[in-house]
Amino acid sequence: MAGETREDALEIDDSSSSSASQDECTEAPSVVERRMAALEASGGGDVGGSTDPVSSTAASITTGGGTGEDRDDDDEDDDDDDDDEKGEEEEEEEEEEETAVEGSKEEEKSGKEPGVKLHVFNMDGVEPAVGLRLEIIDGDGVWSAAKILRLVADGAEADDGGTRRSIEVGYDGWSAEWNETVPWPSDRLAALFTYTRATCALVDLRTAAQRRPAAKHRSGLGAWPCCVQLRAPHPGSAQAAEFLGAEVRVFVRPYLCDEVEPRWLHVRCVRRWRVLSDTYVDTFRRDAGWIRAYGEAQAAIRRGAGEHPKHTPFQAGSLLHELYRAEGTNGTPQDQGKLVRRLSPQAIRAEEDKSRARQAKKEAPPAETAMRQPGAGAAERAAAADASR
1279 MAGETREDAL EIDDSSSSSA SQDECTEAPS VVERRMAALE ASGGGDVGGS TDPVSSTAAS
1339 ITTGGGTGED RDDDDEDDDD DDDDEKGEEE EEEEEEEETA VEGSKEEEKS GKEPGVKLHV
1399 FNMDGVEPAV GLRLEIIDGD GVWSAAKILR LVADGAEADD GGTRRSIEVG YDGWSAEWNE
1459 TVPWPSDRLA ALFTYTRATC ALVDLRTAAQ RRPAAKHRSG LGAWPCCVQL RAPHPGSAQA
1519 AEFLGAEVRV FVRPYLCDEV EPRWLHVRCV RRWRVLSDTY VDTFRRDAGW IRAYGEAQAA
1579 IRRGAGEHPK HTPFQAGSLL HELYRAEGTN GTPQDQGKLV RRLSPQAIRA EEDKSRARQA
1639 KKEAPPAETA MRQPGAGAAE RAAAADASR
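In this note's numbering, the protein residues as written are 1279 to 1667.
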């Protein structure tokens, strides 16, 4: 037909196919009835219990898979099962999401970064007590000195069968709003000076007014003996190193100074340690308070504290140079936080080359030297004397 469209052709095909299927359905019952009659005549018994595939097909055709009510009930049961399965899947997904969120929070607190080896609690055998000094890592991956302020009992059972405990920790130099409650033990805690360091330095504690040229007197506060606390990034943490590189302040504790409390100061205010015979501190020796503070710092140095080095130990901002930092995780705590500069890779290679050269020189066989024969050259000297005559 000329005016026939694609949709009309589809309708014609559907009608022809439907009529064919109706013919097949009308012929089927007669065949089935004859088959059932033959089975009954032969004493085949119940059709539903027959194992004959033809009889099974016949039963399914005649019964239509059960009555309409049975089919509705089955459909409802299937829908209920599907709803139950969907509900269980949704609950599992919610639990997985909650677990992932909690895990991310813990990782954020511990400063975890991909590819960075984590710290493992290294204070086994230490009993937590109020006033105990230790180190704690924050969410930026920075290790800071801290102190236990309070012991907290959770009431929950620990792995060893005892009662699980927690501690309230206060960061050095930070207000109480930054205090944290941490389980004991926890991988966020480390023994003091595992990563952080401390030095004895002469620090300019003067105010801006005291630094003005109009101030005639030279106050001892311009180079007061102090303990300088140096935070450290977790080994391998680029985020923590970047943070400290941008932070230009360090926490300073003056020795025996009633005028100035511990505070954060710019790294430019921190100067190297000097001996009393140095002409730089000659003027300060007239200050009795300065002398007492200097003696206190000297006592700390004798106990193992380190002196602030002549050349700046900072790589950028308040970030310690990598040769002063802990080389890896879970190292041995540095005694009194003393700064110990490791050899650079270039210096290590140079030392190894020198050592190999010395060893090769020792193992080399002695060089053969030509032995001068006794009287060698006497004949030449005699001949030269004769020729001169």
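In this text, a Cβ means the ideal position worked out from N, Cα and C, and glycines have one as well.
For the pair residue 1483 and residue 1591, the CB atoms are not nearer than the 9 Å cut-off. Distance between residue 1404 and residue 1466, taken at the CA atoms: about 15 Å.
Residue state for residue 1576 is assigned as helix, using DSSP reduced to three classes.
Within the stretch 1560–1610, the complete beta strand (DSSP E) segments of 3 residues or longer fall at 1592–1594, listed in chain order.
Here the alpha carbon of residue 1506 sits roughly 32 Å from the alpha carbon of residue 1443.
Distance from residue 1461 to residue 1429 at the Cβ level is roughly 12 Å; contact not present, criterion being Cβ atoms closer than 8 Å. Judged by pairs of C-beta atoms under 8 Å, the stretch 1444–1455 does not touch the stretch 1547–1555, as fewer than three such pairs exist. Nearest C-alpha to residue 1409 among 1397, 1427, 1644 and 1635: 1427. Taken in chain order, the whole beta strand (DSSP E) runs of length 3 or more contained in the stretch 1460–1524 are 1467–1469, 1475–1481 and 1502–1508.
With contacts defined as CB atoms closer than 9 Å, residue 1451 and residue 1525 fail to qualify as a contacting pair. Sixteen is the threshold: since fewer than 16 other Cβ atoms of the shown chains lie within 10 Å of the Cβ of residue 1455, the residue is exposed. According to the DSSP assignment, residue 1397 belongs to no beta strand (DSSP E), since it is labelled neither H nor E.
Contact annotation: the stretch 1467–1475 does not touch the stretch 1527–1547, with fewer than three C-beta pairs closer than 8 Å. DSSP places residue 1540 outside any beta strand (DSSP E), giving it a letter other than H or E. DSSP lists 1414 as the bridge partner or partners of residue 1422.
Nearest neighbour of residue 1398 by Cα position, chosen from 1497, 1513, 1612 and 1598, turns out to be 1513. Using a 10 angstroms sphere on the CB of residue 1612, the tally of other CB atoms reaches 16 or more, which defines it as buried. Nearest C-alpha to residue 1431 among 1414, 1420 and 1463: 1463. Residue 1587 places its beta carbon 9 Å or farther from that of residue 1546. In the three-state reduction of the DSSP assignment, residue 1431 falls in the strand class. With fewer than 16 neighbouring CB atoms inside 10 Å of its own CB, residue 1486 falls in the exposed class. Within the DSSP bridge table, the entry for residue 1644 names no partner. Take residue 1498, set aside five residues on each side of it, and the residues of its chain with a beta-carbon closer than 6 Å to its own are 1562, 1565 and 1568, in chain order. The Cβ neighbour count for residue 1515, taken over all protein chains shown within 10 Å, is at least 16; the residue is labelled buried. Sequence-distant partners of residue 1459 (beyond 5 residues in either direction) whose C-beta falls short of 8 Å from its own C-beta, in its chain, are 1430, 1444, 1445, 1446 and 1447.
Out of 1518, 1517, 1481 and 1453, the CA that lies nearest to the CA of residue 1502 is found in 1481. In the DSSP assignment, residue 1406 falls outside any beta strand (DSSP E) and carries neither an H nor an E. Look at residue 1531 here: in three-state DSSP terms it is strand. Taking 9 Å as the cut-off, the Cβ atoms of residue 1420 and residue 1510 count as close.
Comparing C-alpha distances from residue 1536 to each of 1666, 1570 and 1520 shows the shortest one belongs to 1570. Using a Cβ distance threshold of 9 Å, residue 1575 and residue 1602 do not count as a contacting pair.
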